[in-house]
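Just below is one structure, and these are the notes that go with it.
So, in structure tokens, the structure goes:
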């Protein structure tokens, strides 16, 4: 059993991140955070690359990985399928979904997107897919019938919006900031937000059901007692972790806060939220 293995091997634990593929990318994005967490917790941490969210879930269920850093869309499935517990939340300020159109677009209400081509990010992403389709539904549209949704790499969707191939693009707030920062100065006012949603729930560091309670508490205590240093280390990563700028750790997480994500799964046609969309 893993409990014995943890004791015998000086508390080595295995960590996966759901939306990063490959050890090299893990090291580049989360290497500084891993090193700092090892230092403050006294735990040895090994990265476990996973190919997708389902692979991370199965690794957790079959005790191949001990801890997973996951987004809200992953949490609701992992909590249901793997009975995973929360170690800490990663609060991201201004974490919300929005739908963008060109500044000169004749569209000024979400309902006017009926019959239009709307780009979004990868299927199943909280802020880049589930959040935007919920914005369509909240405005009275049936996202699966009333709009022509194209799920693709967001950079391609952004280029499609610029060229007029798409009338709108759904994304996260940090995505829009990233795209605008790469535009020429005189083009940064060429886009406008059609609608934005409320703040999304926190990302989460989750533990498998097999992990001993003392190990979970050791990690949680290290995070609470060294929060400032750990937040600083996460900011040292590469492009991907820029989304965590200004973040803070939270240790009190309410499951009901994720009911909004469960609603998004229902809107997307997956009312059981027991599997990842698109995997």
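Numbering (this note's numbering), first residue to last: 393 to 671.
Built from N, CA and C at the ideal position, the CB exists for glycine as well.
- In the DSSP assignment, residue 543 forms a beta bridge with 512.
- One thing to note: residue 418 has its Cβ no nearer than 8 Å to the Cβ of residue 614.
- Here the stretch 482-499 makes contact with the stretch 587-596; the two share three or more CB pairs at distances below 8 Å.
- For the options 660, 658, 651, the alpha carbon positioned closest to that of residue 471 is the one of 651.
- In the structure shown, residue 425 adopts helical secondary structure according to DSSP, grouped into three states.
- Residue 559 and residue 640 have their C-alpha atoms roughly 36 Å apart.
- Per DSSP, residue 669 lies in no alpha helix (DSSP H) and is assigned neither H nor E.
- With respect to the 8 Å criterion, residue 563 and residue 461 are not classified as neighbours on the basis of their beta carbons.
- Distances from the alpha-carbon of residue 444 to those of 477, 412, 438, 469 put 412 closest.
- Here the stretch 507-518 makes contact with the stretch 543-550; the two share three or more CB pairs at distances below 8 Å.
- Taken in chain order, the unbroken stretches of beta strand (DSSP E) that lie wholly in the stretch 579-615 and span 3 residues or more are 583-588, 595-599.
- Rounded to the nearest whole angstrom, the CA to CA distance from residue 432 to residue 438 is 15 Å.
- Fewer than three beta-carbon pairs drawn from the stretch 449-464 and the stretch 573-590 are found closer than 8 Å, and the two stretches are therefore not classed as touching.
- Burial state of residue 500 is exposed, judged by a 10 Å Cβ sphere holding fewer than 16 other Cβ atoms.
- In this structure, DSSP gives residue 531 a state outside helix and strand, which the three-state scheme calls coil.
- About 6 Å separates the beta carbon of residue 451 from that of residue 408, a gap short enough to meet the 8 Å contact definition.
- Only residues of its own chain outside the window of five on either side were considered, and among them 403, 433, 434, 435 have a CB closer than 8 Å to the CB of residue 610, listed in chain order.
- DSSP lists 640 as the beta-bridge partner residues of residue 483.
- Annotated three-state conformation of residue 506 is coil, per DSSP.
- C-alpha of residue 667 to C-alpha of residue 410: approximately 14 Å in a straight line.
- DSSP, reduced to helix, strand and coil, places residue 439 within a strand of the structure shown.
- Annotation for residue 407: the continuous beta strand (DSSP E) segment containing it runs 404-409.
- Taking 8 Å as the upper bound for CB-CB distance, residue 653 and residue 518 are in contact here, some 7 Å apart.
- For residue 549, the three-state secondary structure derived from DSSP is helix.
- For residue 572, the three-state secondary structure derived from DSSP is helix.
- The stretch 441-500 contains, as complete alpha helix (DSSP H) runs of 4+ residues, the segments 445-453, 464-474 (chain order).
- Straight through space, the alpha carbons of residue 626 and residue 425 are spaced by roughly 5 Å.
- Out of 480, 648, 447, the CA that lies nearest to the CA of residue 474 is found in 447.
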